[in-house]
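In terms of this note's numbering, the sequence shown opens at residue 363 and continues consecutively. By construction, the Cβ of each residue, glycine as well, lies at the ideal position given by its N, Cα and C atoms.
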Amino acid sequence: MKFTVMTLFPEMVLSGLNTSIIGRAVNAGIISIDAVNIRDYTNDKHKHVDDYPYGGGAGMVMMAEPIYLCYKDILDKSSQDGSEKKPRVIYMTPQGKTFNQSMAKELAKEEELIFLCGHYEGVDERVLEEIVTDEVSVGDYVLSGGELPAMVMIDAISRMVPGVLTNEESGMNESFEGNLLEYPQYTRPEEWMGKKVPEVLLSGHHANIEKWRREKQIEKTLKVRPELLSGAELSKKEKDFLEQLKKIK
Ligand code: ADE
Numbered sequence: 363m364k365f366t367v368m369t370l371f372p373e374m375v376l377s378g379l380n381t382s383i384i385g386r387a388v389n390a391g392i393i394s395i396d397a398v399n400i401r402d403y404t405n406d407k408h409k410h411v412d413d414y415p416y417g418g419g420a421g422m423v424m425m426a427e428p429i430y431l432c433y434k435d436i437l438d439k440s441s442q443d444g445s446e447k448k449p450r451v452i453y454m455t456p457q458g459k460t461f462n463q464s465m466a467k468e469l470a471k472e473e474e475l476i477f478l479c480g481h482y483e484g485v486d487e488r489v490l491e492e493i494v495t496d497e498v499s500v501g502d503y504v505l506s507g508g509e510l511p512a513m514v515m516i517d518a519i520s521r522m523v524p525g526v527l528t529n530e531e532s533g534m535n536e537s538f539e540g541n542l543l544e545y546p547q548y549t550r551p552e553e554w555m556g557k558k559v560p561e562v563l564l565s566g567h568h569a570n571i572e573k574w575r576r577e578k579q580i581e582k583t584l585k586v587r588p589e590l591l592s593g594a595e596l597s598k599k600e601k602d603f604l605e606q607l608k609k610i611k
């Protein structure tokens, strides 16, 4: 899978995605990540990419033309590489649809994705109308630019691309897909600061461990993200357990 990021800060995007699991996937050639500097597409001798907003108001607006030329260049290169389909273009904005795990899974089916990172107060609406297929937010807060959100999306999407995670790592996504949060984890030593590892985890009794972990997941989800529980698949016994928890609360 190929990711291309249109940005004013290409080094930020590339340096943030070259370690750990994503770096390993890039090195293995399973995914590729390219960052293209929008500033390279300005015709202005001072290399301006932004201007004052029509109608007045605070801040600057990114101009349509450099973004459009940057996009065209990416498309040209992608069709030279043999790609026939026009890739989806995702504009990172707090005004977009909120990103989640199921969106990551869906987008991982694409062969190629282009991200547009805005800065300043916004981007000229006309270029958004012309090239953008999806507007996505990473949460209800405002960041200084779209780079961190694009990096967040690329990380989460890449993990859903076959071959990026080892079998062992794959299991770690299951919790969220099942609409439950993770159970707590422990490693050595058995006692730390007077706190003991829960007895059941030392028992070697796999069925009991599994049951305990599921219950911990249900407890945690009820405590911090109760709205997720309506989408969780629970057995009859687990539903009873949840009802008991609700009564205690
Ligand atoms: N750009 C600035 N804030 C953002 C957010 N929350 N999500 C996506 N893009 C953004």
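Exposed unless 16 or more other CB atoms sit within 10 angstroms - verdict on V489: buried
Y503 Cβ short of 7 Å to the ligand ADE heavy atom set: yes
Cross-strand partners of T366 (DSSP beta bridge): D396, I476
Where Q606 falls, given that 16 or more other Cβ within 10 Å makes a residue buried: exposed
Which residues DSSP lists as bridging M454, in chain order: C479, V498
Candidates L376, D406, Q463, of which the one nearest F538 by Cα: Q463
Three-state class that DSSP yields for M424 in the structure shown: strand
8 Å Cβ cutoff met for V562 and Y548: no
First through last residue of the alpha helix (DSSP H) which encompasses M465: 463–469
For I429 and E492, the rounded distance between their alpha carbons: 11 Å
Span of the alpha helix (DSSP H) around A378: The sequence shown places Gly at residue 378, rather than the Ala named in the question. Start and end: 372–378.
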